[in-house]
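Q: One structure follows; several queries about it will come next.
2 protein chains.
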Amino acid sequence: MAQPTVEDVAREANVSRQTVSNVINTPSIVKPATLDRVQLAIARLGYRPNLSARRLRQQKSSTIGVRLDPIRNGISGAMLDHFVHALTEQADARSMRVLLFTAASPEDEIEQIRSLHEGADVDAFVLTATAHGDRRIAWLIENDVPFVTFGRPWGIDDMDDPKHLWVDIDGRQGIKDATVRLIDNGAKRVGWVGWPRPSGTGDDRRRGWEEAMRERLGASEAELAALSVESYDGVSEATETVADMLRSGELPDALVCASDSLALGALIAASSAGLTDLPIIGFDNTPVAEAVGLSSIDQVLNRVAVATFELLLGREGNSIVVRGPDAGESHRLIRPALVLRTPNHLPLYGTTTTQRTAPAVRNHHRKETS
Amino acid sequence: MAQPTVEDVAREANVSRQTVSNVINTPSIVKPATLDRVQLAIARLGYRPNLSARRLRQQKSSTIGVRLDPIRNGISGAMLDHFVHALTEQADARSMRVLLFTAASPEDEIEQIRSLHEGADVDAFVLTATAHGDRRIAWLIENDVPFVTFGRPWGIDDMDDPKHLWVDIDGRQGIKDATVRLIDNGAKRVGWVGWPRPSGTGDDRRRGWEEAMRERLGASEAELAALSVESYDGVSEATETVADMLRSGELPDALVCASDSLALGALIAASSAGLTDLPIIGFDNTPVAEAVGLSSIDQVLNRVAVATFELLLGREGNSIVVRGPDAGESHRLIRPALVLRTPNHLPLYGTTTTQRTAPAVRNHHRKETS
DNA sequence: CCAAATAATTTGATCGATCAAATTCTGAGT
DNA sequence: ACTCAGAATTTGATCGATCAAATTATTTGG
């Protein structure tokens, strides 16, 4: 069962094969009667372009390469799944697609990138988990390969580099918004649970908390120091750190956390200390946050994906090309959204008022019999 | 900067272009001296095959299509991320690759499948979240498109259909293993927390619990009924259901749960009831299970991915083709692995003995400054 | 009506790799 | 030295779509 080609359609519609191509790609230059005739033949034959042929002829693959990070990254790991999904949707809307690859090391990743690029299989890459001095980025820039990173480089010399396109979540603004909300709701001692410094992202988010506390409560440096703790990004680590904080007597009346892992740890520690009504806000809006009723800051990954494509495609918006130094916008900060959940979703606090929700209709490996 | 072609290599090595192709694809038919000369030219020029050209000529894409499910599926959602990663690794090992697509509905999914198949962009599909009477599968079989499902169809008429290839986790065996382990560790009243019946997967897993209880403890039907509860797959739902169970006086001395969501809910209920040492085992080995120290049954998704490719490639193992009715193995059950975690990882229980673990080195959007 | 300009369509060629048949080379046997 | 068979290499062609130039058809203005 071979697929029909442009030649088959041309024969059926009694036109040239190039007219078939014109009907599909530049229909405005085709006479209406001819257009109708060809479209009818396309429908009758069920014709679809062979995409490998198109890619070969057009010298572009319309494909974005994304590495699927193998590291099970605690409860935040699902975020990449969500981001990849958003990218895939946005690619589809632009007649493009996402190709996944894996790599065992940074060197392997560069090799995979080279292979995909030189095999004409990928036009551009979207990178995550970036770092200052990242070798991948140096290679991509040196070899004129289009790319966007999700995340800022945080170095003095590379944040404004127009060759390094990046999209990031404005964590400072998101945490500031959350802190302001808690203060507007009556909190007077909002605590901060963050990662050990220095951390580009972590410190940026902490700045949001500091700004809100200073602007809204006139908090002093000493007060800020007393209300903040640092923990590695694990639930048990955060539980221990926040438990220490709560035992120390410097009781916060709300907590803002740099991640949902920290927030879950804080929730467990607060519950164990009997502080069952302590408002806690995390960051990432992971499935766990949703499952246990944690308020959290959502990364609005769909908007990140849109911005990623807008940067990649540049002003003209129709094709991926290497960006010149003055080719327009290179960086985009996205303001995240605060998702509030009500305390009566928190059975940890001993409440018994839960509504029965709809059954989970799907699990990727579960089936329902009809 | 155009990439070198076979013609360039041929000119450099003073051979024909077909000899260049032979060196790459069937090196055993090339004379050693010629082989060396061509390989040297390939290396000097940095030549790589153009994969669109290869696909067009070979009439195969070497690509597997996978739909990325958009539904945030509670704490189990990260499993698809992990499965896609395993598939991508196995594809890479076979010089194949995984192409993602999204779809807004089952009808849209069939249309995307059709488009990818007819555009010669995907040779075969891997489907998840399957159901008896699934329209996707009917379409794929009718149109002779190769596919494998991760999950059994569970219908009387389709479980053994050789045209419907499937790989699944042996949930019955996994739960049986977990229950046996708890019994061997001294439990006499192992409780079951499962999903409402009927559910193909859920009932299969429950059977494992029943068998272990009967064979090892001689449990009666009445005892089994008294020790089992059903809950929708959500943390708060499970918490409520297990709390009721624990209040009813039929105290289990251990719990086996159909999923990690149910297990987390059970953990919260047990903690609230002061049963801080109640052994609980979940299913899926999600990041949450790991984060809070839950024992869980791991789906060994890498082995699922291997099996998926073995079924797709069939006995010859070199190319994807539609399977004939007697073309060999069509189904594969994979025995999952029990992952035990020690109770001292559970700060929920008020223990204070936690080791400080290594810092979380990566989050997909976090950067480290050097 | 004719000529020029524009619109519409067609023809020639290309993209880069591999299939398949033809040709050349090499070694062994007589 | 010659012949034959098998190995090695080359040549002709193909895959299916689109680029780009050439040709044809149509419209407009004098």
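Going line by line, the protein sequences match chains A and B. Taking our numbering, I'd label the letters of the first sequence as residues 23 to 392. Taking our numbering, I'd label the letters of the second sequence as residues 23 to 392. C-beta atoms are modelled at their ideal positions from N, C-alpha and C, and glycine is treated no differently. Predicted model, so just to flag it, every value in this text is computed and none were measured.
1. From the beta carbon of N324/A, is the nearest beta carbon of chain B less than 8 Å away?
2. Taking C-beta pairs closer than 7 Å, name the residues in chain A that I71/B reaches, listed in chain order.
3. Give every residue of the same chain whose Cβ lies closer than 7 Å to the Cβ of E232/B, excluding the five residues on either side of it in the sequence, and list them in chain order.
4. DSSP puts R89/A in a beta bridge; with which residues?
5. Given a threshold of 16 other Cβ atoms within 10 Å of its Cβ, counted over all protein chains shown, does L362/B qualify as buried or as exposed?
6. Answer with buried or exposed for T152/A, where buried requires no fewer than 16 other C-beta atoms within 10 angstroms of its C-beta.
7. Which of the three DSSP states is assigned to T171/A in this structure?
8. Please decide whether G22/A counts as near chain B, where near means a Cβ-Cβ distance under 8 Å.
9. Does chain B have any CB closer than 8 Å to the CB of H107/A?
10. Rounded to whole angstroms, what's the CA-CA distance from N44/B to V52/B? Just pull it up for me.
11. Quick one: list the residues of chain A neighbouring S84/B, beta-carbon separation under 7 Å, in chain order.
12. Whose C-beta lies closer than 6 Å to the C-beta of L368/A among residues of the same chain, with five residues either side of it excluded?
13. Pull up the DSSP beta-bridge partners for L355/A, would you.
14. Under 8 Å between C-beta atoms, does T27/A make it to chain B?
15. If we require 4 or more residues per run, which alpha helix (DSSP H) segments fall completely within the region 248-305 of chain B?
16. Is it true that the CB of R158/A sits closer than 8 Å to the CB of A178/A?
17. Can you find a C-beta in chain A that's less than 8 Å from the C-beta of T375/B?
18. Beta-carbon within less than 6 Å of D143/B's beta-carbon, same chain only, minus the 5 sequence neighbours each way: which residues are those?
19. In the region 296-319 of chain A, which residues sit with their C-beta less than 8 Å from some C-beta in chain B, listed in chain order?
20. Compare the C-alpha of R354/A against each of E338/A, V326/A and R345/A and name the closest.
21. Identify the continuous beta strand (DSSP E) that holds D320/A and give its terminal residues.
22. Using a Cβ-Cβ cut-off of less than 8 Å, give me the residues of the region 102-126 of chain B that come near chain A, in sequence order.
23. Find the nearest neighbour of A280/A within the set R219/A, S294/A, F305/A and E259/A, judged by alpha-carbon distance.
24. Can you tell me whether Q112/B is buried or exposed, with buried defined as 16 or more other CB within 10 angstroms of its CB?
25. Would you verify that the beta carbon of G87/B is, or is not, closer than 8 Å to some beta carbon of chain A?
26. Can you list the residues of chain A that R77/B reaches, using a CB-CB cut of under 8 Å?
27. Which first and last residues belong to the beta strand (DSSP E) in which L149/A is found?
28. Can you give me the C-alpha to C-alpha distance between A248/A and T261/A, rounded to a whole angstrom?
29. On the DSSP bridge assignment, give the partners of V215/B in chain order.
30. What separation, rounded to the nearest whole angstrom, lies between the Cα atoms of V383/B and V189/A?
31. Relative to the ligand GTP, is the shortest distance from any of its heavy atoms to the C-beta of D180/B smaller than 7 Å?
32. Once the 5 residues before and after L333/A are set aside, which same chain residues still bring their CB inside 6 Å of it?
33. Show which residues of chain B have a CB atom less than 7 Å away from the CB atom of V257/A.
A: Answer, in terms of the structure:
1. For N324/A, the answer is no, since every Cβ of chain B falls outside 8 Å of its Cβ.
2. Checking the sequence shown, residue 71/B turns out to be Pro, not Ile. Under a criterion of Cβ atoms nearer than 7 Å, the residues of chain A adjacent to P71/B are, in order, G141.
3. Excluding sequence neighbours, E232/B sits near L246.
4. In the DSSP output, where bridge partners are listed per residue, R89/A has F123/A.
5. By the neighbour-count criterion, in which a residue is buried when 16 or more other Cβ atoms sit within 10 angstroms of its Cβ, L362/B is exposed.
6. Under this definition T152/A is a buried residue.
7. Looking at T171/A - three-state DSSP - the assignment turns out to be strand.
8. With chain A represented from 23 up to 392, any question about residue 22/A goes unanswered, as that position is not in the structure.
9. Yes, because at least one Cβ of chain B sits closer than 8 Å to the Cβ of H107/A.
10. V52/B has its alpha-carbon roughly 7 Å from the corresponding atom of N44/B.
11. Taking a Cβ-Cβ threshold of 7 Å, none of the residues of chain A is close to S84/B; the smallest such distance is about 11 Å.
12. For L368/A, the predicted structure reports a pLDDT of 39, less than 50, and the residue's modelled location is therefore unreliable. The matter cannot be settled from this model.
13. DSSP, once it has assigned bridges, lists D190/A as partnering L355/A.
14. False, the Cβ-Cβ gap to chain B never drops below 8 Å.
15. Fully enclosed alpha helix (DSSP H) runs of 4 or longer: 257-269 and 282-294.
16. Reading the sequence as shown, one finds Ile at residue 178/A and not Ala. One thing to note: I178/A has its Cβ no nearer than 8 Å to the Cβ of R158/A.
17. Its pLDDT being 32, under 50, T375/B is placed unreliably by the model, and the measurement read from it follows with that caveat. Chain A has no Cβ within less than 8 Å of the Cβ of T375/B.
18. These residues qualify, in order along the chain: S83.
19. Of all residues in the region 296-319 of chain A, P309, V310, E312, A313, V314 and G315 have a Cβ within less than 8 Å of some Cβ in chain B.
20. Here the closest residue by C-alpha is V326/A.
21. Taken as a continuous stretch (DSSP letters only), the beta strand (DSSP E) holding D320/A covers S317 to D320.
22. Those residues of the region 102-126 of chain B that come within reach of chain A (Cβ to Cβ, closer than 8 Å) are L102, D103, H104, F105, V106, H107, T110, E111, D114, R119, V120, L121, L122, F123 and T124.
23. Ranked by Cα distance from A280/A, the first of R219/A, S294/A, F305/A and E259/A is F305/A.
24. With 16 or more other Cβ atoms inside 10 Å of its own Cβ, Q112/B counts as buried.
25. No, G87/B lies away from the interface with chain A (no Cβ there is under 8 Å from its Cβ).
26. By Cβ distance, chain A contributes S74.
27. A146 to L149 is the extent of the beta strand (DSSP E) around L149/A.
28. Their Cα atoms are separated by approximately 18 Å.
29. Per DSSP, V251/B and C279/B.
30. With a pLDDT of 32 at V383/B, under the threshold of 50, the modelled position of this residue cannot be trusted; read the value that follows with caution. If I take the Cα positions, the gap works out to 21 Å.
31. This structure lacks the ligand GTP; in fact it carries no ligand of any kind.
32. Short of 6 Å from the beta carbon of L333/A, and not among the five residues preceding or following it, lie these beta carbons of its own chain, in chain order: V170 and L187.
33. In chain order: A313 and V314.
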